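With the numbering used here, letter number 111 in the sequence shown gets 505, and the count goes up by one each step, no holes.
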Amino acid sequence: MFAREGARVVVADVDEASARAAADEVRARGGTALAVHTDVTDLAQVQALADRAFAELGAVDVLCNNAGVALWGSLEDATHRDWQWVLGVNLWGVIHGIEAFVPRMIASGRRGHIVNTASMAGLVATRGLGIYNTSKYAVVGLSETLVKDLAPHGIGVSVLCPLGVATRIRASERNRPAHLRNERTREPEPIALDGTTLAPEAVAELVLSAILENRLYVITHPESLEPIRKRFQRIERAILEQQPRHR
Ligand SMILES: NC(=O)c1ccc[n+]([C@@H]2O[C@H](COP(=O)([O-])OP(=O)(O)OC[C@H]3O[C@@H](n4cnc5c(N)ncnc54)[C@H](O)[C@@H]3O)[C@@H](O)[C@H]2O)c1
Numbered sequence: 395m396f397a398r399e400g401a402r403v404v405v406a407d408v409d410e411a412s413a414r415a416a417a418d419e420v421r422a423r424g425g426t427a428l429a430v431h432t433d434v435t436d437l438a439q440v441q442a443l444a445d446r447a448f449a450e451l452g453a454v455d456v457l458c459n460n461a462g463v464a465l466w467g468s469l470e471d472a473t474h475r476d477w478q479w480v481l482g483v484n485l486w487g488v489i490h491g492i493e494a495f496v497p498r499m500i501a502s503g504r505r506g507h508i509v510n511t512a513s514m515a516g517l518v519a520t521r522g523l524g525i526y527n528t529s530k531y532a533v534v535g536l537s538e539t540l541v542k543d544l545a546p547h548g549i550g551v552s553v554l555c556p557l558g559v560a561t562r563i564r565a566s567e568r569n570r571p572a573h574l575r576n577e578r579t580r581e582p583e584p585i586a587l588d589g590t591t592l593a594p595e596a597v598a599e600l601v602l603s604a605i606l607e608n609r610l611y612v613i614t615h616p617e618s619l620e621p622i623r624k625r626f627q628r629i630e631r632a633i634l635e636q637q638p639r640h641r
């Protein structure tokens, strides 16, 4: 989608073959794209990615911190490795992207935009997704702060919060590194997703317009509204019903 709009694109992924395939597709259509093998859990690799991107393109105007993995299961069954893996990719990956790119984006003096991929799971906590919810709530909080911090520099921020999108997210274990695999493997719990499942292209279009219109929240599914509203109503009731006796 970015390439179609004339952007030069760097595709970074721990799955090098997929990154190369995406870059090839852009090049086949006459665009400019570069694939860089990157494990976002490793700051040094993300710094190397930034070095490469700035060296080859001269500037980076849009940064998408999108890599993510999902893991289903009750929190009481979560292992330390589960926490390390999911927070390592979903939260530290975003932090590393910011550490490696933002200072150079600011130094370039150009207008820019950052897109952090959270999820509807960053706005309403669904049962059976505890580690994922934790990581995505953190990405929402980080993005809501980043938008304020970067406004004086002319850099906008969007946080992408989808429900279901037809991707390979349910096969996230394919990229789990050996040292973070559990000794005993658990059967993944079947979780029915609420709402419709969007095509990635539909989500990409919404992201693109959010960048152009400088919108913070990218809430892709209208059916997210009711659960979000109910959450805020529960918070509102808690405030109204629980006043401190002593001031
Ligand atoms: N698909 C959905 O229903 C859905 C809903 C809400 C949010 N999201 C979020 O969207 C983002 C993209 O996921 P997706 O749905 O396209 O799933 P996907 O599994 O198709 O793509 C995730 C990508 O992240 C890469 N990745 C995994 N670990 C990595 C690492 N350590 N370093 C670099 N890259 C790594 C994978 O190789 C893969 O290309 C994620 O942040 C996910 O949490 C997805």
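Glycine included, C-beta positions come from ideal geometry on N, C-alpha and C.
As the structure is a prediction and not an experimental result, all values here were calculated from the model.
For this session: Note down, in chain order, each residue of its chain lying with its Cβ closer than 7 Å to the Cβ of E599, except the 5 sequence neighbours on either side.
Result: M395
Exercise. So what does DSSP say about T528, is it helix, strand or coil?
Worked result: helix
Exercise. Is DSSP giving S468 helix, strand or coil here?
Worked result: coil
For this session: Please report how far the alpha carbon of I508 lies from the alpha carbon of N608, in whole angstroms.
Result: 10 Å
Exercise. On the three-state DSSP scale, how would you describe S603?
Worked result: helix
Problem set entry | Continuous alpha helix (DSSP H) stretch holding I489: start and end | 486 to 502
Exercise. Which partner residues does D407 have in the DSSP bridge list?
Worked result: H431
For this session: Ignore the nearest five residues each way along the sequence and tell me which others in V534's own chain have a CB closer than 6 Å to its CB.
Result: A512, G516, V553
Exercise. I think G506 touches N459, with their Cβ atoms under 8 Å apart; what is that distance to the nearest whole Å?
Worked result: Not a contact, Cβ separation roughly 13 Å.
Problem set entry | Three-state secondary structure assigned by DSSP to L457 | strand
Exercise. Just how far apart, CA to CA, sit A417 and G425?
Worked result: 9 Å
Exercise. So what does T511 bridge to, in DSSP terms?
Worked result: L554
Exercise. Between the segment 492 to 501 and the segment 461 to 479, do three or more beta carbon pairs fall short of 8 Å?
Worked result: no
Exercise. Buried or exposed: G400, going by 16 or more other Cβ atoms within 10 Å of its Cβ?
Worked result: exposed
Exercise. DSSP on L481, reduced to helix/strand/coil?
Worked result: helix
Exercise. For G535, does the three-state DSSP call read helix, strand or coil?
Worked result: helix
Exercise. Rounded to the nearest angstrom, how far is the Cβ of S537 from that of L481, given a contact under 8 Å?
Worked result: Incorrect: roughly 16 Å between the Cβ atoms, too far for contact.
Problem set entry | R609 beta carbon near ligand 1 (any heavy atom closer than 8 Å) | no
For this session: Measure the alpha-carbon distance for L634 versus A444 and round it to whole angstroms.
Result: 48 Å
Exercise. Of the choices T561, L451, A461, whose alpha-carbon is the least far from that of P594?
Worked result: T561
For this session: Entirely within the segment 603 to 630 and at least 4 residues each: give me those alpha helix (DSSP H) ranges in chain order.
Result: none
Exercise. Which term fits A642, buried or exposed, when burial requires 16 or more other beta carbons within 10 angstroms of its beta carbon?
Worked result: Outside the displayed range of the chain (395 to 641) lies residue 642, so it cannot be described from this structure.
For this session: Determine the direct distance from the alpha carbon of V551 to that of L544, and round the result to whole angstroms.
Result: 8 Å
Exercise. Of all the options V559, Q627, V483, which has the alpha carbon lying nearest to the alpha carbon of H615?
Worked result: V559
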